[in-house]
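Engineer: Sending over a structure as structure tokens; questions will come in a sec.
Number of protein chains: 2
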Amino acid sequence: MEQMSRNLAFQLKKIRQQRHLSLDDVAKATGVSKAQLAQIEKGEANPTVSTIWKIAAGMRTSFSSLLQPPTAHFMKYSSKDAPHVDEDEGRYRVYSIIPYNPERGWELYKIEMEPGAFSRSEAHTEGVEETVTVIQGQATISAGDMHEKLEEGDTLVFSGHQPHEYKNTTEALTILHLILQYK
Amino acid sequence: MEQMSRNLAFQLKKIRQQRHLSLDDVAKATGVSKAQLAQIEKGEANPTVSTIWKIAAGMRTSFSSLLQPPTAHFMKYSSKDAPHVDEDEGRYRVYSIIPYNPERGWELYKIEMEPGAFSRSEAHTEGVEETVTVIQGQATISAGDMHEKLEEGDTLVFSGHQPHEYKNTTEALTILHLILQYK
DNA sequence: GACATATGTATACTTTAATAAACATCAAGA
DNA sequence: TCTTGATGTTTATTAAAGTATACATATGTC
Numbered sequence: 000m001e002q003m004s005r006n007l008a009f010q011l012k013k014i015r016q017q018r019h020l021s022l023d024d025v026a027k028a029t030g031v032s033k034a035q036l037a038q039i040e041k042g043e044a045n046p047t048v049s050t051i052w053k054i055a056a057g058m059r060t061s062f063s064s065l066l067q068p069p070t071a072h073f074m075k076y077s078s079k080d081a082p083h084v085d086e087d088e089g090r091y092r093v094y095s096i097i098p099y100n101p102e103r104g105w106e107l108y109k110i111e112m113e114p115g116a117f118s119r120s121e122a123h124t125e126g127v128e129e130t131v132t133v134i135q136g137q138a139t140i141s142a143g144d145m146h147e148k149l150e151e152g153d154t155l156v157f158s159g160h161q162p163h164e165y166k167n168t169t170e171a172l173t174i175l176h177l178i179l180q181y182k
Numbered sequence: 000m001e002q003m004s005r006n007l008a009f010q011l012k013k014i015r016q017q018r019h020l021s022l023d024d025v026a027k028a029t030g031v032s033k034a035q036l037a038q039i040e041k042g043e044a045n046p047t048v049s050t051i052w053k054i055a056a057g058m059r060t061s062f063s064s065l066l067q068p069p070t071a072h073f074m075k076y077s078s079k080d081a082p083h084v085d086e087d088e089g090r091y092r093v094y095s096i097i098p099y100n101p102e103r104g105w106e107l108y109k110i111e112m113e114p115g116a117f118s119r120s121e122a123h124t125e126g127v128e129e130t131v132t133v134i135q136g137q138a139t140i141s142a143g144d145m146h147e148k149l150e151e152g153d154t155l156v157f158s159g160h161q162p163h164e165y166k167n168t169t170e171a172l173t174i175l176h177l178i179l180q181y182k
């Protein structure tokens with residue numbers, strides 16, 4: 000969540016500096032206390048919608064532009080501390096590489112399947128799209144009444160609003176990358 | 000501000016009902032308490048960004064889509080209780096018809112000018128556009144070194160980042176509509 | 001009809017967002 | 001050098017967001 004506070008911090012500071020305003024000026028224009036504004040600009044606050052609203056109104060800017068992320072990113076996710084879940088008695092392992100983020104709209108998993116490992120998923124909510132890439136080994140994937148056997152380097156895209164299965168029919172470890180895209 | 004709470008209320012309820020989830024389900028998926036969710040759906044809450052973030056993440060939707068307004072509006076602003084400010088010893092009166100709203104990005108004023116009334120504005124911040132329409136009477140408007148005499152029904156558009164003047168050079172009351180557009 | 005389960009509502013409590021006022025810092029200007 | 005004023009920071013207090021629990025109301029099911 001602190002992502003959003005950072006955005007707000009960045010955007011507010013930017014506006015304030017562009018217009019050569021002091022914290023007192025902004026406080027007077029928005030009705031938000033100076034102390035709170037300082038906290039917000041430092042990204043150390045968790046403001047309510049009404050506070051953000053007051054800032055947007057006072058600064059004559061839009062609500063959403065205040066929450067816009069700054070242009071550049073440079074963010075590392077280490078697979079070391081990626082949380083994971085096991086299925087099929089530990090032979091099917093799912094690692095969360097990039098967790099879901101409301102700004103991004105998708106999440107990335109790494110899946111390890113021991114020989115013969117198997118996993119079945121019920122239909123997700125409407126509008127979910129799965130993109131599977133075989134990093135290593137081979138996998139057989141079914142969705143609804145469609146089936147496909149994928150080899151290393153293959154990618155399959157299908158909508159997740161139907162029951163689907165992942166299976167490793169080979170004798171070696173298979174590794175997949177799975178992107179779940181929402182809405 | 001309650002505009003925003005209404006949006007959130009509407010969108011959350013919509014998502015929850017579309018997916019056939021109970022408040023308990025959403026509470027478990029998002030980590031936000033059931034009581035708070037109920038309040039939010041009724042539009043009686045003023046949540047923090049972290050709460051909205053948790054809802055967005057748990058529901059696998061975007062932050063902004065949760066704050067999107069529903070399609071239809073039907074809202075009356077009465078000119079009776081419009082606040083107003085006087086200039087030029089009360090001969091130049093500004094009525095706020097539609098106050099600024101961060102979702103909309105502009106505001107609407109009605110201006111009444113007695114004969115000979117006059118008003119000068121300093122340059123606003125970059126990116127402000129003024130649209131003046133003469134409802135009744137005549138007005139002379141200057142912006143920077145440009146001048147224009149407007150009659151009933153005329154409209155003038157100019158950027159407000161330069162000093163500008165409004166003047167009623169006639170012997171009758173002049174009424175203007177002024178739209179201030181930001182950014 | 002009585003029991004069980006699920007769902008939304010109301011209440012008491014804890015945590016924290018937001019305010020107001022005092023404080024520190026610094027740059028003119030006399 | 002000593003004010004004075006402007007700006008951002010810290011601190012104490014208040015107001016309210018958020019939680020957890022208990023309560024009310026349905027909707028089956030035996």
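So the sequence lines, in the order shown, correspond to chains A and B. 0 is the number of the first residue of the first sequence in numbering that gives the first Met the number 0; add one for each residue after it. 0 is the number of the first residue of the second sequence in numbering that gives the first Met the number 0; add one for each residue after it. For every residue, glycine included, the Cβ atom is placed at its ideal position computed from N, Cα and C.
#1: Determine the contact status of residue 2 of chain B and residue 102 of chain B, defining contact as a CB-CB distance below 8 Å.
#2: Cβ of residue 111 of chain B within 8 Å of Cβ of residue 177 of chain B?
#3: Specify, as a first and last residue, the run of the beta strand (DSSP E) that residue 62 of chain B falls within.
#4: Does residue 102 of chain B come within less than 8 Å of chain A when only Cβ atoms are used?
#5: Listing by chain order, which chain B residues have their CB less than 7 Å from the CB of residue 59 of chain A?
#6: So, does the stretch 56-72 of chain A touch the stretch 12-27 of chain A, judging by three or more C-beta pairs under 8 Å?
#7: Please state the DSSP three-state secondary structure of residue 145 of chain B.
#8: Going by DSSP, name the residue or residues bridged to residue 99 of chain B.
#9: Who are the Cβ neighbours of residue 120 of chain A in its own chain at under 6 Å, not counting the five residues just before and after it?
#10: Of the residues that make up the stretch 64-84 of chain B, which ones have a beta carbon closer than 9 Å to any beta carbon in chain A?
#11: Residues in its own chain within less than 8 Å of residue 66 of chain B by CB, not counting five upstream and five downstream?
#12: May I ask you to report which of helix, strand or coil DSSP gives residue 132 of chain B?
#13: Could you check which residue in A/168, A/79, A/78 and A/95 has the C-alpha nearest to that of residue 85 of chain A?
#14: When you compare the CB of residue 56 of chain B with every CB in chain A, is at least one pair closer than 8 Å?
#15: Measuring straight from C-alpha to C-alpha, what distance separates residue 21 of chain B and residue 15 of chain B?
#16: Taking only beta-carbon positions, decide if residue 15 of chain B is within less than 8 Å of chain A.
#17: Given a threshold of 16 other Cβ atoms within 10 Å of its Cβ, counted over all protein chains shown, does residue 125 of chain A qualify as buried or as exposed?
#18: Taking the C-alpha atoms as reference points, what is the distance between residue 115 of chain B and residue 138 of chain B?
#19: Can you say whether residue 31 of chain B is buried or exposed, counting buried as having 16 or more other CB atoms within 10 angstroms of its CB?
#20: Any heavy atom of the ligand ADP closer than 7 Å to the beta-carbon of residue 108 of chain B?
#21: Is the separation between the beta-carbon of residue 99 of chain A and that of residue 140 of chain A shorter than 8 Å?
#22: In chain A, which residues lie less than 8 Å from residue 29 of chain B when you measure between Cβ atoms?
#23: Counting contacts by CB-CB distance shorter than 8 Å, is residue 49 of chain B in contact with chain A?
#24: Taking the straight line between their C-alpha atoms, what separation do you get for residue 13 of chain B and residue 161 of chain A?
#25: By how many angstroms is the C-alpha of residue 131 of chain B removed from the C-alpha of residue 156 of chain B?
#26: Under a CB-based cut-off of 8 Å, is residue 5 of chain A close to chain B?
#27: If you draw a straight line from the C-alpha of residue 184 of chain B to the C-alpha of residue 75 of chain A, how long is it?
#28: Is residue 136 of chain A buried or exposed, if buried means 16 or more other CB atoms sit within 10 Å of its CB?
#29: Cβ of residue 124 of chain A less than 8 Å from any chain B Cβ?
#30: Output yes if chain B places a C-beta closer than 8 Å to the C-beta of residue 92 of chain A; else output no.
Structural biologist: Taking the structure as given:
#1: yes
#2: no
#3: It is not in any beta strand (DSSP E) - residue 62 of chain B instead sits in the alpha helix (DSSP H) that spans 62-65.
#4: Put simply, the CB of residue 102 of chain B is near chain A, with a gap under 8 Å to one of its CB atoms.
#5: The contacting residues are 99 and 181.
#6: Yes, the stretch 56-72 of chain A touches the stretch 12-27 of chain A.
#7: strand
#8: Answer is none; residue 99 of chain B lacks a bridge partner.
#9: Within the same chain, residue 120 of chain A has close Cβ partners 163.
#10: 64, 65 and 66
#11: 3, 6, 7, 10 and 51
#12: strand
#13: A/95
#14: yes
#15: 7 Å
#16: By this cut-off, residue 15 of chain B is not an interface position.
#17: exposed
#18: 10 Å
#19: buried
#20: The ligand ADP is absent from the structure shown, which contains no ligands of any kind.
#21: no
#22: Per Cβ cutoff of 8 Å: no residues; residue 29 of chain B is ~11 Å from chain A at best.
#23: By this cut-off, residue 49 of chain B is an interface position.
#24: 22 Å
#25: In this structure, the alpha-carbon of residue 156 of chain B lies about 6 Å from that of residue 131 of chain B.
#26: no
#27: In the structure displayed, chain B extends from 0 to 182; residue 184 of chain B sits before or after that span and is not available.
#28: buried
#29: yes
#30: no
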